[in-house]
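What follows is a single structure, written as structure tokens, with notes after it.
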Amino acid sequence: MSGQSLATEAHFGPPSECIKISDFLHEVAALEQSSHKVFAQSADSLGDVAQNAWTALSDERRASIEAECGVQDVRKALGDVITEPRLMAHVMRSHELFTHSIYETAEVSGRKKRKRLTVEEPAEEHPQVTSLRRSLEGVRLRCWPLTLHSALFIRPPKQSDHNTLTSTKYLSLPVNTTQESANRSSEALLFVTVYDRLTWGHKLISRSSQHVLLSSHTLGDMFDSIPCTSNEMPERQPDGSWTDAPAAGGGSGAVIFLEDTAYGDGLSDKDYSDKLVECLGVLSEKKRTAVEKGRAMHDVTFRSLELRLHHPYWLCHAGNCEHFFVIEHLRAHHASDPPLSAFPLTTQITPPLLDTCRACNKAPAVSAVTGDIRLGESPFMICGPCWRWMGAPKGEDAEKVEVVPLPKHEFGWCV
């Protein structure tokens, strides 16, 4: 039991060998120390030789080398196009039309052709646009124009290509968790990508978020960093009403399964890891996977684990809400990176798909109505204005109607 099907594993890999994070940090520290000694001894001599060779050249020769190696001409040409709205609009329009025609020509399947993209060209071309078009057509590089084979690398945008964040999200956990250290070689950065099953096809997955954690962070820190709609489900109050605000935290239990070990949240005497081991124990030997119960996820740091890159690991919480997370990259902390106290980082969050009101089919739904015979189905997703216009039900059936607020996606979805 690893929580992955063959269809899911086809999205990843090939996985690396198991990497012990602590050994990786020791090797980084040793390499940094040895390379520092070598470069410290040779930097002065190499610098003197290079400086003497450069000063020995004539002024004309130095000016010629600087002009040949500089990119100011390319930078100026690009800047002139980007800063001029008329030229930038022409470039974008031409590129979109060209790529669309290539993709449409290369489409050989029996699927219905997409609607042809048409853009009205201005009646008269501006002299600046004419000059730019002629200069682009005069490029002699054979790799400059796109060919029919470019269709292999052109696809329409997916939902996972979008990002709700306008900038990197800094969670800034307490210092005792991040263990701020002056020696950067004592910390490794783990780049984690989280995937969810698609609601309309459980054999398909889609990226939901991306994060950067430190080796001193725990599995629980990673779990707390992942935004999930299951953490925003409304709660029923004793009086029968529903909370409008989401239940932050999602403390209904969780388990992380990696390398044949189940790590529960440790919030109860019998957490999800115990239940997982018990569930696998009743399977036949052919279907059973060797699994053992580990410590609580908030007590297990990445530094103490052996992990594989590009291999999907399984996470389950809130009953049956599943995620798969993959360690994409592993490297040492660099001086150009944010300070250790700023981690963990969240760099991408895919916007959740919202239900549309089934009455007007325009506005996003804000409530799920159950038991109302006027709506024809139960539950019925409806927006606020449509529900107000319908009015509350009256009569004997009014007691059977429940209006449950839908998640607003306000907890963890923005900076």
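With the sequence shown counted from 1, adding 812 to any position gets you my numbering. Virtual Cβ for every residue (Gly too), placed ideally from N, Cα, C.
Neighbour-count burial assignment, residue i, 16 or more Cβ in a 10 Å radius
i       : result
Cys1128 : buried
His1023 : buried
Thr1041 : buried
Val883  : exposed
Val1181 : buried
Ser1096 : exposed
Asp1111 : exposed
Ala1066 : buried
Trp1012 : exposed
Trp1199 : buried
Ser846  : exposed
Asp1209 : exposed
Asp1081 : exposed
His1145 : buried
Asp1083 : buried
Ser979  : exposed
Leu953  : exposed
Asp1077 : buried
Ser876  : exposed
Ser1028 : buried
Asp973  : exposed
Endpoints, the beta strand (DSSP E) within which residue i is located
i       : result
Leu948  : Counting along the chain, Leu948 falls outside any beta strand (DSSP E), though it belongs to the alpha helix (DSSP H) covering 939–949.
Gln1160 : 1157–1161
Cys1128 : 1124–1129
Ala1147 : Note, Ala1147: premise wrong, no beta strand (DSSP E); not H, not E.
Val1067 : 1066–1070
Val1181 : 1179–1182
Ala1074 : 1073–1076
Pro1217 : 1214–1217
Anticipated Cβ contact below 8 Å, residue i with residue j, distance rounded
i       : j       : result
Val771  : Thr1005 : As shown, the chain starts at 813 and ends at 1227. That puts residue 771 outside it, with no answer to give.
Ser828  : Leu1121 : 4 Å
Ser1085 : Lys1105 : 5 Å
Met1193 : Ala1177 : 4 Å
Thr911  : Leu977  : At roughly 27 Å, the Cβ-Cβ gap does not stay under 8 Å, so Thr911 and Leu977 are not in contact.
Arg1186 : Ala1000 : Rounded, the Cβ-Cβ distance is 59 Å, inconsistent with contact.
Ile966  : Ile914  : 7 Å
Ala1130 : Ser1064 : 5 Å
Val1216 : Pro1046 : 6 Å
Phe1114 : Leu1002 : 6 Å
Phe824  : His1123 : 7 Å
Met1034 : Leu1026 : The Cβ separation is near 10 Å, so there is no contact.
Leu1218 : Asp1167 : 7 Å
Val1094 : Val1103 : Between Val1103 and Val1094 the Cβ distance is about 13 Å, and since that is not below 8 Å, they are no contact.
Cut-off 7 Å between Cβ atoms - residues of its own chain near residue i, not counting five sequence neighbours on either side
i       : result
His1008 : For the sequence presented, residue 1008 should be read as Asp rather than His. Closer than 7 Å at the Cβ level, and outside the excluded window around Asp1008, lie Ile1017, Ser1018, Ser1020, His1135.
Lys1212 : Gly1183
Gly1061 : Note that Gly1061 has pLDDT 49, beneath the 50 cutoff, so the model's placement of it is unreliable and no number is given.
Pro1039 : Ser1021, Ile1161, Gly1224, Trp1225
Glu1214 : Thr1182, Gly1183
Arg1170 : Phe1192, Met1193, Ile1194
Leu1092 : Met813, Arg1100, Thr1101, Val1103
Leu1010 : Leu1016, Ile1017, Ser1018
Ser1179 : Ile1194, Trp1199, Val1215, Val1216, Pro1217, Leu1218
Beta-carbon contacts of residue i that lie in its chain and below 6 Å, excluding the five residues immediately before and after
i       : result
Ile1068 : Leu1031, Tyr1075, Met1109, Leu1127
Cys1172 : Cys1198
Glu1222 : none
Tyr1125 : Leu1070, Phe1137
Asn975  : Gln1160
Leu1079 : none
Span of the alpha helix (DSSP H), counted from its first residue to its last, around residue i
i       : result
Met1193 : Here Met1193 belongs to no alpha helix (DSSP H); instead the beta strand (DSSP E) covers 1192–1194.
Ser913  : 897–918
Cys1133 : No alpha helix (DSSP H) contains Cys1133, which is instead part of the beta strand (DSSP E) from 1133–1144.
Ile877  : 871–881
Proximity test, residue i beta-carbon vs the ligand NAP heavy atom, cut-off 7 Å
i       : result
Met1034 : In the structure on display, the ligand NAP does not appear, and there are no ligands present to speak of.
Cutoff 8 Å; reference residue i; Cβ partners in own chain excluding five residues on either side
i      : result
Gln971 : Ser1018, Thr1162, Pro1163, Leu1165
Val893 : Leu899, Met900, Val903, Leu944
Gln940 : Glu896, Arg898, Leu899
Cys830 : Glu1071, Glu1118, Leu1119, Arg1120
Leu960 : Ile914, Thr917, Ala918
Arg887 : none
CB contact check: residue i to chain C, cutoff 8 Å
i      : result
Ser906 : Given the protein chain composition of this structure (a single chain), no chain C is represented.
### Message
Which complete beta strand (DSSP E) runs does the stretch 1003–1053 hold, if anything under 3 residues is left out?
### Response
Qualifying beta strand (DSSP E) stretches, in chain order: 1013–1026.
### Minimum length 4: unbroken alpha helix (DSSP H) runs contained in the stretch 1093–1117
With a minimum length of 4 residues, no continuous alpha helix (DSSP H) run stays inside the stretch 1093–1117.
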